[in-house]
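When we follow my numbering, the leftmost residue of the sequence shown carries the number 4, and every step to the right adds one.
All residues carry an ideal CB built from backbone N, CA and C; glycine is no exception.
For reference, the structure is listed below as structure tokens.
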Amino acid sequence: MNLSQTLLGVTFANPTILASGIMGITASSWRLVAENGAGGITTKSLWLKEHKGHNNPTIISTEHWTLNAVGVPDAGPEKAREEIGDFMKKKPVPLIANIIAESVENFAATAEAILPLKPDFFEVNISCPNVEDEFGKPFACSAPAAAAVTKAVKKVSGKTPVLIKLSPNVDSIAAIADACASAGADGFTVINTVGPGMAIDLRSRMPILANKVGGLSGPGIKPIAVKCVADVFGVTKGALPIIGTGGIYTGEDAIEIMLAGASLVGIGTAVGDRGVDVFAKICDEMQLWCTNEGVDEISSLVGGMHRELSQRNAPTRKPSRSGRTRS
Ligand SMILES: Cc1cc2nc3c(=O)[nH]c(=O)nc-3n(C[C@H](O)[C@H](O)[C@H](O)COP(=O)(O)O)c2cc1C
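Here is the structure:
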């Protein structure tokens, strides 16, 4: 079966996408990911200027979750230009440029700096939980702030579609998505990490991460990601595409988040746990599931849960006395 998906005019050979921050920012690592079956890649978050990350230790993992506070390190725009430029010369799969900033103006300036490299999409990281001390709360926690960033990036992004990366750590992700949609967002990536969380070393009685707290990812967050995708799909009535991300490890996980409303599926923490060929493995597992279930069009799965719910909730037609049905 053909797993390809076309989003806003860009065709992905399959729905699996490397999530931001997972395989560095080098053209060679992105090519490796593409060779191992990814349908598209997302860069690590790119800043306008070089940005230092947090001190080690920055990551701790168990089989259920990963806690990270890498602090979004970035070697700066020269390095980004070099690596993205190299990748784009012979681009094996579409490239999504993830951008981050500490002010609305710098989100726009970063998009302007990256635009000449011709990424297929911008992904705007308004939701990183690890850089709070620099700009208070993430932009994704306030509808007006999220909308202001969306509007500013849209103003300079030309024809390049803009996806807003949302946070699960809010009262209503639907309200934030709605504000971004009204400000011109072309789509969403749902979700960034959950939390923040903390892990304590029993011997030293100290937090394990040098930053004390970090964002949670991996298998344990999948139900939160599925619910958030369903909420965003619901509020936008399925009109804007979503990259569903968070705890996706298997083909069945990918199908589940597509039923919630995702058109593409971001894979992050699973790369470390299942290996870099996790993309090909997930595609094989999706193929097998679709064959067994008689599904011939992968796009028919997108938002399938919502259609099923509305069919089941539709008023039943009661038989009239004459035996004919009436609504
Ligand atoms: C080590 C690590 C680094 C990350 N760096 C970024 C980043 O630079 N920008 C970003 O938008 N998300 C970043 N993320 C979040 C992931 O892209 C993804 O949204 C999140 O981990 C949930 O997906 P997962 O459970 O498949 O990992 C990072 C996640 C991890 C684990």
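Bridge-paired residues (DSSP) for residue i
i, result
"His54", "Asp77"
"Leu169", "Val193"
"Ser64", "Thr69"
"Thr9", "Thr14"
"Met201", "Bridge partners of Met201: none, in fact."
"Gly217", "Gly200"
When the options are compared against residue i, the one with the closest alpha-carbon
i, options, result
"Leu291", "Asp77, Thr253, Ile260 and Gly275", "Thr253"
"Val193", "Ile301, Gly42 and Ala228", "Ala228"
"Ile20", "Ser302, Lys47, Val268 and Glu296", "Val268"
"Ala177", "Leu312, Lys230, Pro141 and Leu212", "Lys230"
"Arg84", "Ala100, Val75 and Asn71", "Ala100"
"Ser145", "Cys183, Val159, Pro122 and Lys158", "Cys183"
"Asp181", "Ile203, Asn172 and Ala150", "Ala150"
"Val13", "Thr29, Phe125 and Met26", "Phe125"
"Lys162", "Ala155, Asp123, Val173 and Glu53", "Asp123"
"Ser1", "Asp174, Glu53, Ile211 and Ala155", "Since the first residue shown for the chain is 4 and the last is 330, residue 1 is missing from the structure and cannot be characterised."
"Asn5", "Thr294, Arg315 and Pro318", "Thr294"
C-beta contact flag for residue i and residue j at 8 angstroms
i, j, result
"Leu120", "Ile87", "yes"
"Leu118", "Gly190", "no"
"Ser130", "Asn195", "yes"
"Asn39", "Asp280", "yes"
"Gly218", "Gly249", "no"
"Ala213", "Thr61", "yes"
"Met308", "Ala233", "yes"
"Gly223", "Leu70", "no"
"Gly297", "Phe236", "no"
"Phe282", "Ala30", "no"
"Ala22", "Pro95", "no"
"Val152", "Val127", "yes"
Presumed contact (8 angstroms Cβ cut-off) between residue i and residue j, rounded CB distance
i, j, result
"Gly56", "Pro76", "3 angstroms"
"Leu312", "Ile258", "Wrong, their Cβ atoms sit about 17 angstroms apart, outside the cutoff."
"Phe90", "Trp33", "5 angstroms"
"Lys343", "Gly187", "Any answer about residue 343 is impossible in this case: the structure gives the chain only from 4 up to 330."
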